[in-house]
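The structure under discussion appears below in the form of structure tokens.
Protein chains: 2
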Amino acid sequence: MGLPKLVKDRKSPRGDAGQRTVASDSICFDEFERLVGVTKRDLYRETLAAHRKVIRIKGDERAIRNLERIFDAALRISNASGFQAMSMRRLSKEAGLSMGALYAYFSSKDELLTMLQDQGRGIASRILSDRIQASADPLSKLRTGVRTHLYLTESMHAWFFFSYMEAKNLTGPEREKAVRSELQTEAVFEEILREGQEQGIFMDKDRRLTASVIKALVQDWYLKRWKYRQRNISVDRYADHILEMVENFVVRQK
Amino acid sequence: MGLPKLVKDRKSPRGDAGQRTVASDSICFDEFERLVGVTKRDLYRETLAAHRKVIRIKGDERAIRNLERIFDAALRISNASGFQAMSMRRLSKEAGLSMGALYAYFSSKDELLTMLQDQGRGIASRILSDRIQASADPLSKLRTGVRTHLYLTESMHAWFFFSYMEAKNLTGPEREKAVRSELQTEAVFEEILREGQEQGIFMDKDRRLTASVIKALVQDWYLKRWKYRQRNISVDRYADHILEMVENFVVRQK
DNA sequence: GTCTATATACGGATAGAC
DNA sequence: GTCTATCCGTATATAGAC
């Protein structure tokens, strides 16, 4: 779609940052950010493109700037006290636009919810798939998959948190999209495990259940971010820890 | 506290139910339910006792019966679409009481939230601690801890789900209580790991991080219950799977 | 104790001036 | 394009009958 290529270059030589014990074939978060660069502007540009017809603003620049204000404020308020509890008055205040101006960017609070939900999905799953496919063997796919997912949630934390917490309040097609997205990410890990088992590199554990568990571990990172931050656990440290655990469990020992 | 002793008897001989690979020293869910029997009535009786002064109902029996209706309906509606989105009108309808009658059991919607939040905490942490302390060595404490937590979330699923999802919308002392409770459960697992390391049974992994990860795995069971149910994964199967993974990671091999 | 009816406020959304 | 002022529905909470 009309998005600048986000995954610019797929390999970096990397001299390891130090105490890493596992998965030394993978990049660390700093490199990820430099390389992939999921910028807000890219996100908002894509959102604008997707909803061009309902947004009654002519110039792209102004539209993107205001979308950024609106969405940032909406995610901030919602993540602190729930989307339902967020009043449009407060949103208008914190976004720095009047009520009337707000409604030039969506036609109802419900549509705003849809826009927020849709926002990150495409970009996140695209980056994940791209980076996994760029890896050669199942083990490095596993490592890249876990790390990339963690790094994505770090770059787009507010969106992932919102997306998770508000999912259960969705109805109809929006709910289905959310469920499908959840299952699809899981399927990505399941497929990696299948490949590994086929090649005899991984042990014959229940693939689907193992994939669910991997997803749970990855999700905990953004669900309990306050806790990990308080304890000064970096995303790389967390990645190392859960990868060690997962590899212990699935990789066949020589 | 004024609650009938819930953990009646700590041991059952048990002849294993079959394909269990790990943790065969622990009871299964059916036995747990029979043994521990966290009944709704116990829960509501305790809630009533804790809020006796604000509840303007004389007889205990009637009060408990109505509390049960109210709370069941409140959890059902909230877990489907959020506490904030639940109107008192709808609650009154689904609980089978009029608006006026509802307000005899609490003085505001906010107080209802507090009551719901408080409800399960005491009972859950008490059962968890009791059963862990009844185990002898660190390994069986670990197994019992994980299983008991999973079984508790199975018996009181609606409450655990509600408690998790609405926690972020709390403010002031209620929020603090929720955070403390989360950290306290984690500390229980951390302590088990410490004991195990001290005795040389467990490996020297980061205890706190490992405890966090164990908690994440346990929580996923009730957060994604729809998914596991759809796939016919029983709580015992899930318990076996994550215990195998955790033990692989922490138990020192002979 | 429980009901129906209602007071009062706040929510989302829009009209019309600039 | 953005603002202010306002419409109107629905929310919480309570008063008063039975």
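In order, the protein sequence lines correspond to chains A and B.
First residue of the first sequence? That's 2 in the working numbering, and the numbers climb one at a time after it.
First residue of the second sequence? That's 2 in the working numbering, and the numbers climb one at a time after it.
Don't be surprised by glycine CBs; every beta carbon is placed ideally from N, CA and C.
Straight-line CA distance for Arg53 (chain A) to Ser141 (chain B)? Translated into positions along the first sequence, residue 53 (chain A) becomes position 52. Translated into positions along the second sequence, residue 141 (chain B) becomes position 140. Rounded to the nearest angstrom, the two C-alpha atoms are 59 Å apart.
Contacting residues, own chain, Cβ-Cβ under 8 Å from Arg208 (chain B) (five flanking each side not counted): Stepping through the second sequence from its first residue, residue 208 (chain B) is reached at position 207. Excluding sequence neighbours, Arg208 (chain B) sits near Glu191, Leu194, Arg195 and Gln198.
Assess contact between the segment 72-86 of chain B and the segment 74-88 of chain A, defined as three or more Cβ pairs (one per stretch) separated by less than 8 Å. Is contact present? yes
If you measure from the beta carbon of Val147 (chain B) to each beta carbon in chain A, is any gap under 8 Å? In the second sequence, counting from the first residue as 1, residue 147 (chain B) sits at position 146. For Val147 (chain B), the answer is no, since every Cβ of chain A falls outside 8 Å of its Cβ.
For Thr44 (chain B), tell me which candidate among B:Leu244, B:Phe33 and B:Ser156 has the shortest Cα-Cα distance. Along the second sequence, read from residue 1 onward, the residue named residue 44 (chain B) stands at position 43. What sits at residue 44 (chain B) in the sequence shown is Leu, not Thr. Of the candidates B:Leu244, B:Phe33 and B:Ser156, the one whose C-alpha sits nearest the C-alpha of Leu44 (chain B) is B:Ser156.
Among the residues of its own chain, which have a CB less than 7 Å from the CB of Tyr223 (chain A), if the five just before and after it don't count? Taking the first sequence and counting its residues from 1, one reaches residue 223 (chain A) at position 222. Excluding sequence neighbours, Tyr223 (chain A) sits near Thr154, His158, Phe161 and Phe162.
Leaving out five residues on either side along the sequence, give the residues of the same chain with a beta carbon under 8 Å from the beta carbon of Ala179 (chain A). Residue mapping note: residue 179 (chain A) aligns to position 178 of the first sequence, counting from 1. Answer for Ala179 (chain A): Gln118, Ser164, Ala168 and Leu171, listed in chain order.
Can you pull the DSSP bridge partners for Val252 (chain A)? In the first sequence, the residue the question calls residue 252 (chain A) occupies position 251. Looking at the DSSP assignment, Val252 (chain A) forms a beta bridge with A:Phe203.
How far does the alpha helix (DSSP H) with Asp111 (chain A) in it reach, from first residue to last? Residue numbering aside, residue 111 (chain A) sits at position 110 when the first sequence is read from its first letter. That run of the alpha helix (DSSP H) goes Lys110 to Gln134.
Under a CB-based cut-off of 8 Å, is Ile243 (chain A) close to chain B? Looking up residue 243 (chain A) in the first sequence gives position 242. Ile243 (chain A) counts as touching chain B.
Would you list, in chain order, the members of the segment 173-204 of chain B that have their beta-carbon closer than 7 Å to a beta-carbon of chain A? none
Got a sec, what are the start and stop residues for the alpha helix (DSSP H) Arg46 (chain B) sits in? By one-based count along the second sequence, residue 46 (chain B) stands at place 45. Segment Lys41 to Ala51, the alpha helix (DSSP H) holding Arg46 (chain B).
May I ask you to report which of helix, strand or coil DSSP gives Asp241 (chain B)? Along the second sequence, one-based indexing puts residue 241 (chain B) at 240. It is helical.
Leaving out five residues before and five after Met107 (chain B) in sequence, what residues of the same chain have Cβ atoms less than 7 Å from its Cβ? Within the second sequence, the letter at position 106 stands for residue 107 (chain B). Correcting the residue identity first, residue 107 (chain B) is Phe in this sequence and not Met. Val55, Leu113 and Met116, listed in sequence order.
Once DSSP output is grouped into helix, strand and coil, what is the label at Thr22 (chain A)? In the first sequence, the residue the question calls residue 22 (chain A) occupies position 21. In this predicted model, Thr22 (chain A) has a pLDDT of only 46, less than 50, meaning its place in the structure is not dependable; the value taken from the coordinates is given anyway. DSSP places Thr22 (chain A) in coil when its eight states are reduced to three.
Distance CB(Leu151 (chain A))-CB(Val39 (chain A)) smaller than 8 Å: Reading the first sequence from its first residue, position 150 is the one you call residue 151 (chain A). Reading the first sequence from its first residue, position 38 is the one you call residue 39 (chain A). Contact: no.
Going by the beta-carbon positions, is the gap between Ala51 (chain B) and Arg148 (chain B) smaller than 8 Å? Reading the second sequence from its first residue, position 50 is the one you call residue 51 (chain B). Reading the second sequence from its first residue, position 147 is the one you call residue 148 (chain B). Not a contact, by the Cβ cut-off of 8 Å.
Chain A beta carbons: is any one of them nearer than 8 Å to that of Asn249 (chain B)? Looking up residue 249 (chain B) in the second sequence gives position 248. Interface residue, yes.
For Asn67 (chain B), count neighbouring C-beta atoms within 10 Å of its own C-beta (all shown protein chains included) and say buried if the count is 16 or more, exposed if not. Taking the first residue of the second sequence as 1, we reach residue 67 (chain B) at position 66. It is buried - the Cβ of Asn67 (chain B) has at least 16 other Cβ atoms within 10 Å.
For Ile234 (chain A), decide whether its Cβ has a neighbour in chain B, counting only Cβ atoms nearer than 8 Å. Locating residue 234 (chain A) in the first sequence gives position 233, where the first residue counts as 1. Chain B contact via Cβ: present.
Please report whether the beta-carbon of Gly97 (chain A) lies at a distance below 8 Å from any beta-carbon of chain B. Residue mapping note: residue 97 (chain A) aligns to position 96 of the first sequence, counting from 1. No, its Cβ sits nowhere closer than 8 Å to a Cβ of chain B.
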